[in-house]
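Note sheet for the following structure.
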Amino acid sequence: MSTAPIADARPLIVACLRITDLRPVVDPLTGAVSRDAFAIGLSAADAAALEHALRAAEAWSGRVLAVAVGPAAIEPVLRDVMALGASVLRVPDDAAGTDHGYAVELGGGEHGLARTIAAALARIGTPTLVLCGDRSVDRGTGALPAFLAHELGAAQALGLVGLEVDRSSGGGHPLDGRPAALLGERRLDGGWRERLRVPLPAVCSVEGAGTRLRRATLEGALSAGAAPVPVEPPTATVGHRTPPVGPGSEDGPGSTHVGALRPFEPRTRVLPSPDSEDPRIRLLAMTGALVDHDPPTLIGPLGAVESADELLRFLVRHGYLDQPAVPDPTGTEAPR
2 MSTAPIADAR
12 PLIVACLRIT
22 DLRPVVDPLT
32 GAVSRDAFAI
42 GLSAADAAAL
52 EHALRAAEAW
62 SGRVLAVAVG
72 PAAIEPVLRD
82 VMALGASVLR
92 VPDDAAGTDH
102 GYAVELGGGE
112 HGLARTIAAA
122 LARIGTPTLV
132 LCGDRSVDRG
142 TGALPAFLAH
152 ELGAAQALGL
162 VGLEVDRSSG
172 GGHPLDGRPA
182 ALLGERRLDG
192 GWRERLRVPL
202 PAVCSVEGAG
212 TRLRRATLEG
222 ALSAGAAPVP
232 VEPPTATVGH
242 RTPPVGPGSE
252 DGPGSTHVGA
262 LRPFEPRTRV
272 LPSPDSEDPR
282 IRLLAMTGAL
292 VDHDPPTLIG
302 PLGAVESADE
312 LLRFLVRHGY
322 LDQPAVPDPT
332 GTEAPR
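Okay, here's the thing in structure tokens:
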């Protein structure tokens, strides 16, 4: 068990983990997300990524580094990872611990996070293999592995259900001068499977199905219980991961600014007052209790074109849209 990354000549296998609240509470009125520090942990996909990293390290006699971005509250989970024999590194993200940290995360991009992780890895060494979960439980975009592969200049294989070392390539060790590769398996539609041969260095994302994370030994659990967790220096914190960019840059129009958060307030509508002076009739008129309503209608299954036509007919029928013009089947209508 190691508490800090140690520079050596062994292959570096990195497990990029997303440690977050697995059971967040969402306010149904305001949409605010409440996180509990006692409910944080690894998702099934992240646990599978860590297990595959440990297996690759055993096959190559390498070292495993688990990198996680987040506040100090994730350190107990990183100590559990240390008990499995991996080195750990936490990249600080103090904004995640605030009341509206979730809004900052949703407003930011995965590309900036990939830059931050790549900068942290550059101080340690070039990774031979980076493993991630296919998607996180809170955000779930699944875009980080692809951005990380771009930043590291590595091959990528995403959404794998199986991963193993390719023994037939003749290179069991990726640093012995002989070619080494991985064999991956990915789901396809109709129950099919796709077999991939992934060259190194590579970034792979794995699903959580079919892979169970091993348990730590008693010795490892006791030694990691009070061990310090290494933290990346503040110069590479997530707070600086999304620099402003210009309209002509390749990253888009610019960074996203998150302002004040408030519940959704529908626009005020002016309605005619009821004609009757009877309070009961006025109440019935304002609540619409005596108005005929269209019952819910189940239509389908329909294709994309038929679904769009049905939606347009509904909007026209209820006065939200004007009757669309009938297209000229001959195509001779003059352009407006």
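The number in our numbering is simply the position in the sequence shown, starting from 1, with 1 added.
We put the beta carbon where it would ideally sit given N, CA and C, even for glycine.
As the structure is a prediction and not an experimental result, all values here were calculated from the model.
The beta carbon of Leu322 lies closer than 6 Å to those of Leu316 in the same chain, with the five residues before and after it left out. DSSP lists Leu184 as the bridge partner or partners of Glu165. Assignment of alpha helix (DSSP H) within the region 34 to 111, counting only whole runs of 4 or more residues, yields 45 to 61, 76 to 83, 102 to 108 in chain order. Taking a C-beta distance under 8 Å as the contact criterion, Arg80 and Ala228 qualify as a contact pair. Nearest C-alpha to Thr218 among Arg19, Ile14, Met83, Ala50: Met83. By the Cβ rule, the region 14 to 31 does not count as touching the region 179 to 198, because fewer than three pairs are nearer than 8 Å. Short of 6 Å from the beta carbon of Gly143, and not among the five residues preceding or following it, lie these beta carbons of its own chain, in chain order: Asp135, Arg136.
The alpha-carbon of Arg19 is positioned some 12 Å away from that of Leu132.
Remark: three or more beta-carbon pairs, one from each stretch, lie closer than 8 Å, so the region 162 to 171 and the region 203 to 210 are flagged as touching.
As a beta-bridge residue in DSSP terms, Arg194 pairs with Arg188. About 7 Å separates the Cβ atoms of Val68 and Val92, confirming a contact at the 8 Å cut-off. Between Leu153 and Pro202, the beta carbon gap of about 7 Å places them in contact (Cβ cut-off 8 Å).
Ranked by Cα distance from Thr129, the options Pro273, Ala74, Val15 are led by Val15. For Ala16, the enclosing beta strand (DSSP E) begins and ends at 13 to 18. Here Leu284 carries a helix assignment [DSSP, helix/strand/coil]. Apart from the 5 residues on each side of it in sequence, Ala49 sits with its Cβ closer than 6 Å to the Cβ of Val207, Gly209, Thr212 in its chain, given in chain order. Rounded to the nearest whole angstrom, the C-alpha separation of Asp37 and Pro77 is 14 Å. Within the DSSP secondary-structure output, Gln324 pairs in no beta bridge. Under the criterion of beta carbons closer than 8 Å, Pro231 and Val89 qualify as touching, at roughly 7 Å. CA-to-CA, the gap between Gly110 and Ala147 works out to about 13 Å.
Between Gly86 and Gly221, the gap from beta carbon to beta carbon is short of 8 Å.
Residues of the same chain with their beta carbon placed closer than 8 Å to that of Arg216 are lacking, with the five preceding and five following residues left out of the count. Short of 6 Å from the beta carbon of Leu197, and not among the five residues preceding or following it, lie these beta carbons of its own chain, in chain order: Ala158, Gly185.
Cβ-Cβ separation between Ser44 and Val166: approximately 25 Å, too far for a contact (criterion under 8 Å). Gly63 is the residue among Gly63, Glu59, Ala33 whose C-alpha sits nearest the C-alpha of Leu13.
The three-state reading of DSSP puts Thr21 in strand, counting E and B together.
When DSSP states are grouped into helix, strand and coil, Gly160 belongs to the strand group. Spanning the alpha carbons of Leu114 and Val306 requires a straight line of approximately 38 Å. Only exposed fits Thr127, as fewer than 16 other CB atoms lie within 10 angstroms of its CB. If the five residues before and after Ala46 are omitted, its C-beta is found closer than 7 Å to the C-beta atoms of Gly134, Asp135, Arg136, Val207, Glu208, Gly209, all from its own chain and listed in chain order.
For Gly134, the pairing in a beta bridge is given by DSSP as Val207. Beta-bridge partners of Pro229 (DSSP): none assigned. In the DSSP assignment, the residues bridged to Val26 are Ser35.
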